[in-house]
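In the numbering used here, the protein residues as written are 550 to 710.
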């Protein structure tokens, strides 16, 4: 009986985590790149109401929980210069691939280091209100354990310095 318990313990605590890490490293947790990102009538895609894996500075425009809401990036002066600064910050972040960089729209993919989970992050310059709207969403799962908010707040901190 103890041999069976020992084998099950080895399976659960050693082999299964190794297989999971290998699966992540080979890209099995990337998810598919969304085809519905970008601006629609000047708005970023709304967060999914039923999951806690995305946040947006435009979430208040949709019936969502407070979890989904984050303040946009405010800037002073020239909006285009502020957006170039933001683009450079994002380009220089680890595990980041810029997919689309336009004068008023930026789309980047961020990957977690170990498991290679991919999150889609968008920014849109709104010069009429003096802000840069932002959205970050995990491709897989129902929860992000705060990863999207931490990322955007780190970008906000770098942008403000």
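Glycine residues also receive a C-beta, built at the ideal position from the N, C-alpha and C atoms.
Close beta carbons around residue i, own chain, < 7 Å, minus the five adjacent residues each side
i           : result
residue 588 : 654 and 673
residue 593 : 605, 607, 671, 673, 682 and 684
residue 711 : Absent from the model: residue 711. The displayed extent of the chain is 550 to 710, so no value can be given.
residue 648 : 656, 657 and 658
residue 556 : none
residue 695 : none
Cβ neighbours of residue i in the same chain (closer than 6 Å, five flanking residues each side left out)
i           : result
residue 631 : 624
residue 650 : 636
residue 580 : 667, 688 and 689
residue 646 : 658
residue 611 : 595
8 Å Cβ shell around residue i - same chain, five flanking residues per side excluded
i           : result
residue 603 : 596, 597, 617, 684, 685, 686, 687, 693 and 697
residue 609 : 618
residue 591 : 673 and 675
residue 680 : 606, 621, 622, 623 and 624
Per DSSP, the bridge partner or partners of residue i
i           : result
residue 654 : 673
residue 683 : 672
residue 639 : Partner(s): none; residue 639 has no beta bridge.
residue 604 : 685
residue 708 : None; residue 708 has no bridge partner.
residue 589 : 592
residue 648 : Per DSSP, none; premise fails for residue 648.
residue 659 : 645 and 668
residue 618 : 605
residue 692 : 601
residue 631 : For residue 631, which the question treats as bridged, DSSP gives no partner whatsoever.
Pick from the options that is closest to residue i, judged by C-alpha positions
i           : options               : result
residue 585 : 556, 704 and 656      : 656
residue 666 : 644, 559 and 633      : 644
residue 699 : 652, 678 and 620      : 620
residue 642 : 708, 615, 612 and 695 : 708
Whole-Å CB distance - residue i paired with residue j, under 8 Å assumed
i           : j           : result
residue 658 : residue 628 : Not confirmed; about 24 Å, so no contact.
residue 633 : residue 704 : About 14 Å separates the two Cβ atoms, so there is no contact after all.
residue 583 : residue 669 : 6 Å
Contact test: residue i Cβ vs the ligand GTP heavy atom, cutoff 7 Å
i           : result
residue 671 : Here there are no bound small molecules, and the ligand GTP is not part of this structure.
For the segment 616 to 624 and the segment 647 to 667, state whether three or more C-beta atom pairs, one from each stretch, are separated by less than 8 Å. Below 8 Å, too few C-beta pairs join the segment 616 to 624 and the segment 647 to 667 to call them touching: fewer than three.
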